[in-house]
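Asker: I have a structure I would like to understand better, so I am pasting it below and will then ask my questions one at a time.
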Amino acid sequence: MRNIGQDLRYGVRMLVKNPGYTMIAALTLALGIGANTAIFTVVNAVLLRPLPYPQEERLMVLRQTRMAKGNEIGGVSYLNFADWRARSRSFESMAIGTTNQGTLTGVGEATRVEGLVVSADFFRTLGIAPQLGRAFAAEDERSGANEGLNSVMLTDSCWRGRFGADPKIVGRKITVDDEQFVIIGVTPPGIIPLRKEPIDFWATAAINGDPNKAGTANGSRGYPAYEAAIARLKPGVTQAQAQAEMEEIVRGMRAEYPASNAQVGIHLMSLRTLVVGDAQASLWLLLGIVGAVLLIACVNVANLLLVRATVRRREMAIRAALGASRWDIVRQLLVESLFLSLLGGLFGLLLSLWLVEGLMAMLPESIPRIAGLAPDWRVLLFTLAAMLVTGLLCGLVPALAATKIDLSEAVKDGGRSVSAGPLGARMRGALIVLEIAVALVLLAGGGLLVRSLLQLNKVDPGFQTSNVLTMRFALAGNRYQDGKMSPERINLFLGQLTERVRRIPGVREVGYAQSVPFTAQENSTSFNLVGRPAAKGNEPTAGLRFITPGYLATLGIPLRGGRDLTERDGERAAPVMLINEAFAREYFNGEDPIGKKAALGWGGDAPKEIVGIVGDVLHRGLDDQARPEMYVPQAQWGQAGITLLVRSQVPAAELAPSIRRQIAALDPELPVLATRTLDEYRSETMAMPRFSAILLAGFAGLALLLTAVGLYGVMACSVTQRTHEIGIRMTLGAQAGDVLRLILAQGMRLVAIGVALGLLGAFAATRLLKSQLFNVSATDPITFLAIALLLGFVALLACWAPARRAARVDPMVALKHE
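Residue numbering for the sequence shown follows the working numbering, beginning at 5 and increasing consecutively.
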């Protein structure tokens, strides 16, 4: 311990004695450690931090699959869920849930609120107790079970934000969509599964009707009205055992209910998998990338330490001559490198706090749990581990090289104190080759993602997004619906609003739709073509879009055949529909579909005549593919949830205040939400590819900069060590050009080896990016060639300055150089 204490004191003195060298090394490590800590902070928040549920590893999510569509995952019907719950033996409890929306009135200004509709055991399954009042009980699933009203619970954010954290909130009545509810409790903060955005209230499955009554959402076994079921495994039961049992149960239900369940399967996953989604692979990949940047920083510092070890060879030789063992010398140099990494780690930790703020602004909304990326003990432990590993990686090779000392040569007064010897030179060369290879792998990955992003941005989605404003609202409640799906009041409102909006200066086109492309609003239904019905339970499905006349013109969707919808396609007109080209290709196989009829599983009872064919639209995003879609007149069905679309001659966002005033003039209590342009939605669909491309390209650029600095340092050191040799060569007749070529050849030889190894590594490593690339091969030769040329050019610049300095050496000065 006394020896270690001496090493510590001596190491600090040596670092203080050389402040320039110390700061360069520490800042180099700070870049690497800071970047790693910042990315790990995100990884920790999204992937490692426990979910706010006791024994979360026992929580499973169950969903139905549609076997006819390649086991496509869908929702869950209430009656199927009830059978799962009754027949399974692997779970302690099981609950069901789906998203819901409503307009809250009577509490200040009318506000659109978000909710989850759940079954009574939902909170017991999660293991959560309310902070006020009580949780749902079985009787709450019966309509009007609480004083003739349905029960609701508030989330903590809604209770505090909309009700001022009223401690007497339990028992209070609220009105949502003109229906009264009674508040029975308030849930703790931060417990929301199934969706990423905050919600305001919890309602019971009672609002979806009596499961014993056919025709209601809960009473239809074939209607998957709920997003998923959540279940808690019994102690000792594994996920595989539960999956096997549920498959057996579903197999029996297919035989028991062939009309609705003939093609129904089961998909089971952990709740954490659902919450994390697709972010897991991307975040671990990013952590690996910044780990490679840290490796390059370590290589640079290791080369600095090798140079330092070369300068101190005489000191180490004297230590060895006075009795110091090899371990004593290695320990001393490792202590110094650990001090450097500690200093770099402290700077890096401060840098990471700034980087995390930047990441917060860049992170796509699809990455869950990104609020509050504050470092915790895992982040601090990771940073400490990074410091220790970095210190060892930086110091081990120079420390071992320093022990290879020829004592008789090193202690001579005339010995050249800067002579590195062949071992040190080979080590520096090997490290720079490694650095170049790693940098090329990162540059290749960044180049592929950037190319992929450019390709994605070129995609034609089938409609125009520029200068289109969207406003979403819901025409629900007794003001617009009289207890049945009558569109009369809704049509009246939309007609009046259309006339008002069209008179606003700058407006070109006006339309409405229930599901707008790029907005994550999706709807689909089964159908049967009249004259060629499919087997019961095996009906095909297609996207279902409720639209008004003017929708196609507003979005610039082309009409390929037949006619567009018109004002004559009203509530009392013959049922009609449009289909897209993908629908015609898949279900008519070259036959003219105009005049044919289809009976929809939802969206109207009478078969609808196909009167037009429209162009394909990439509804879910730019990386989507064209899918069969059906367009039904909004006037013939009257969807309450609707989006207004306005194409303008001026910047679309400028029209928002004027349109809001017109809506308020017609209905002051109608809340407008999600006022955004289609260009914003388009940009959002590219958020994750853009995030990955920018981050990887940024880190690859940092790696290129560090590599150039490292190569420059190695070449500068080599020129210094070969000054005497250069003087002799020039005395014997070598010209400045000869010396320039000599030094450049030495550097570019290392670059060529590094590029060759890097290309091999890139061919293997970039396959990890295959799932994130769009219309670009993981081994795209153009990208690889461009990256190799870029790295070679930057490396040439890094070698040029030392080579020029060598070519200008005065032979007389060089001959005197030690």
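We put the beta carbon where it would ideally sit given N, CA and C, even for glycine.
State buried or exposed for G418, treating a residue as buried only when at least 16 other CB atoms are found within 10 Å of its CB.
Answerer: Within the sequence shown, the letter at position 414 stands for residue 418. Model confidence at G418 stands at a pLDDT of 45, short of 50, so the residue's coordinates are unreliable and nothing is read from them.
Asker: In the DSSP assignment, find the unbroken beta strand (DSSP E) run with M157 in it and report its ends.
Answerer: Residue mapping note: residue 157 aligns to position 153 of the sequence shown, counting from 1. Secondary structure note for M157: its beta strand (DSSP E) is the uninterrupted segment N154 to L158.
Asker: Work out the CA separation of V798 and S423 for me, nearest whole Å.
Answerer: On the sequence shown, residue 423 is found 419 positions in, with the first residue counted as 1. On the sequence shown, residue 798 is found 794 positions in, with the first residue counted as 1. Confidence at S423 is low in this model, with a pLDDT of 47, below 50, so its placement is unreliable and no value can be given for it.
Asker: Are the CB atoms of L392 and G38 nearer to each other than 9 Å?
Answerer: Walking along the sequence shown from the start, residue 392 turns up at place 388. Walking along the sequence shown from the start, residue 38 turns up at place 34. No, these two residues do not count as a Cβ contact at 9 Å.
Asker: Report whether the distance from the Cβ of S687 to the nearest heavy atom of the ligand ATP is below 8 Å.
Answerer: With respect to the ligand ATP, the structure offers nothing, as it holds no ligand at all.
Asker: Under the DSSP definition of a beta bridge, which residues are partnered with A233?
Answerer: Residue 233 sits at position 229 when you count from the first residue of the sequence shown. Paired residue(s): L66 and I100.
Asker: Report the CB separation of Q640 from P579 in whole angstroms; it is logged as a contact under 8 Å.
Answerer: Here residue 640 corresponds to residue number 636 of the sequence shown, with the count starting at 1. Here residue 579 corresponds to residue number 575 of the sequence shown, with the count starting at 1. 6 Å between Cβ atoms; contact.
Asker: Give the range of the alpha helix (DSSP H) segment to which G510 is assigned.
Answerer: Locating residue 510 in the sequence shown gives position 506, counting from the first residue. From DSSP, G510 is part of no alpha helix (DSSP H); its letter is neither H nor E.
Asker: Consult DSSP for R476 and reduce its assignment to one of helix, strand or coil.
Answerer: By 1-based counting over the sequence shown, the position of residue 476 is 472. R476: strand per DSSP, three-state reduction.
Asker: Is the region 667-681 touching the region 558-567 in the sense that three or more CB pairs, one from each, lie closer than 8 Å?
Answerer: no
Asker: In angstroms, rounded to a whole number, what distance separates the CA positions of G269 and F522?
Answerer: On the sequence shown, residue 269 is found 265 positions in, with the first residue counted as 1. On the sequence shown, residue 522 is found 518 positions in, with the first residue counted as 1. Computed Cα separation, rounded: 29 Å.
Asker: With 16 as the cutoff for other CB atoms within 10 Å, does A805 come out buried or exposed?
Answerer: The sequence position of residue 805 within the sequence shown is 801, counting from 1. So A805 ends up on the exposed side.
Asker: Between the region 711-730 and the region 786-802, are three or more C-beta pairs nearer than 8 Å?
Answerer: yes
Asker: Quick one: using the 10 Å Cβ neighbour count with 16 as the cut-off for buried, is Q643 buried or exposed?
Answerer: In the sequence shown, counting from the first residue as 1, residue 643 sits at position 639. Buried, because 16 or more other Cβ atoms sit within 10 Å of the Cβ of Q643.
Asker: With DSSP as the reference, label A424 as helix, strand or coil.
Answerer: Here the question's residue 424 lines up with position 420 in the sequence shown. Its pLDDT being 48, under 50, A424 is placed unreliably in this model, and the coordinates cannot settle the point.
Asker: Is the Cβ-Cβ distance between L715 and E439 less than 9 Å?
Answerer: On the sequence shown, residue 715 is found 711 positions in, with the first residue counted as 1. On the sequence shown, residue 439 is found 435 positions in, with the first residue counted as 1. Yes, the pair counts as a contact, with Cβ atoms nearer than the cut-off.
Asker: Between the alpha carbons of E590 and F44, how many angstroms are there, rounded?
Answerer: Residue numbering aside, residue 590 sits at position 586 when the sequence shown is read from its first letter. Residue numbering aside, residue 44 sits at position 40 when the sequence shown is read from its first letter. If I take the Cα positions, the gap works out to 46 Å.
Asker: Considering only residues of the same chain and omitting the five flanking positions on each side of G213, which have a CB-CB separation below 7 Å?
Answerer: In the sequence shown, counting from the first residue as 1, residue 213 sits at position 209. Cβ-Cβ distances below 7 Å link G213 to T220, A221, N222 and G223 in the same chain, with the five nearest sequence neighbours on each side left out; the list follows chain order.
Asker: Should the region 682-691 be called in touch with the region 499-516, which here means at least 3 C-beta pairs below 8 Å?
Answerer: no
Asker: Could you tell me if N831 is buried or exposed, where buried requires 16 or more neighbouring beta carbons within 10 angstroms of its beta carbon?
Answerer: Nothing about residue 831 can be reported from this structure: the residues present for the chain run from 5 to 822 only.
Asker: Which runs of the alpha helix (DSSP H) at least 4 residues long sit entirely within the region 657-714? Give them in chain order.
Answerer: 660-670 and 682-689
Asker: Determine, using beta-carbon pairs with one atom in the region 442-456 and one in the region 754-762, whether at least three such pairs fall under 8 Å.
Answerer: In the pairwise beta carbon analysis, the region 442-456 is classified as touching the region 754-762: at least three pairs are separated by under 8 Å.
Asker: Three-state secondary structure (DSSP) at V241?
Answerer: Position 237 of the sequence shown, counted from the first residue, corresponds to residue 241. Of the three classes helix, strand and coil, the one that applies to V241 here is coil, per DSSP.
Asker: From the DSSP output, read off the bridge partner residues of T179.
Answerer: Position 175 of the sequence shown, counted from the first residue, corresponds to residue 179. In the DSSP output, where bridge partners are listed per residue, T179 has T109 and Q184.
Asker: For A124, tell me which candidate among V156, M27, R476 and R176 has the shortest Cα-Cα distance.
Answerer: Locating residue 124 in the sequence shown gives position 120, where the first residue counts as 1. Nearest C-alpha to A124: V156.
Asker: Could you tell me if N779 is buried or exposed, where buried requires 16 or more neighbouring beta carbons within 10 angstroms of its beta carbon?
Answerer: Within the sequence shown, the letter at position 775 stands for residue 779. Label assigned to N779: exposed.
Asker: Under 8 Å by Cβ, that's how I've got F351 and T41 pegged, so tell me the actual separation to the nearest angstrom.
Answerer: Along the sequence shown, one-based indexing puts residue 351 at 347. Along the sequence shown, one-based indexing puts residue 41 at 37. No, F351 and T41 are not in contact; Cβ-Cβ is about 11 Å, not under 8 Å.
Asker: Identify the residues that DSSP records as bridge partners of A463: which are they?
Answerer: Indexing the sequence shown from 1 puts residue 463 at position 459. One point to set straight first is that residue 463 is Val, not Ala, in the sequence displayed. According to DSSP, which records beta bridges pairwise, V463 is partnered with nothing at all.
Asker: Is K21 helix, strand or coil when you go by DSSP?
Answerer: Position 17 of the sequence shown, counted from the start, is the residue given in the question as residue 21. DSSP places K21 in helix when its eight states are reduced to three.
Asker: Would you mind reading off the limits of the beta strand (DSSP E) that contains R808?
Answerer: In the sequence shown, the residue the question calls residue 808 occupies position 804. Note, R808: premise wrong, no beta strand (DSSP E); alpha helix (DSSP H) at P785 to A811.
Asker: Under DSSP, the alpha helix (DSSP H) around L346 begins and ends at which residues?
Answerer: Translated into the one-based positions of the sequence shown, residue 346 becomes position 342. Element bounds for L346: R330 to M366.
Asker: Tell me where the alpha helix (DSSP H) around R651 begins and ends.
Answerer: Reading the sequence shown from its first residue, position 647 is the one you call residue 651. That residue, R651, is in no alpha helix (DSSP H); its beta strand (DSSP E) goes G645 to S652.
Asker: Pick helix, strand or coil for R564, following the three-state DSSP scheme.
Answerer: Counting from 1 along the sequence shown, the entry for residue 564 is found at position 560. Of the three classes helix, strand and coil, the one that applies to R564 here is strand, per DSSP.
Asker: According to DSSP, is A637 helix, strand or coil?
Answerer: In the sequence shown, counting from the first residue as 1, residue 637 sits at position 633. Here the sequence assigns Pro to residue 637, which means Ala is not the residue at that position. Reduced to three states, the DSSP call for P637 is strand.
Asker: The beta strand (DSSP E) with S530 in it runs from where to where?
Answerer: Here residue 530 refers to the residue found at position 526 of the sequence shown. S528 to L533 is the extent of the beta strand (DSSP E) around S530.
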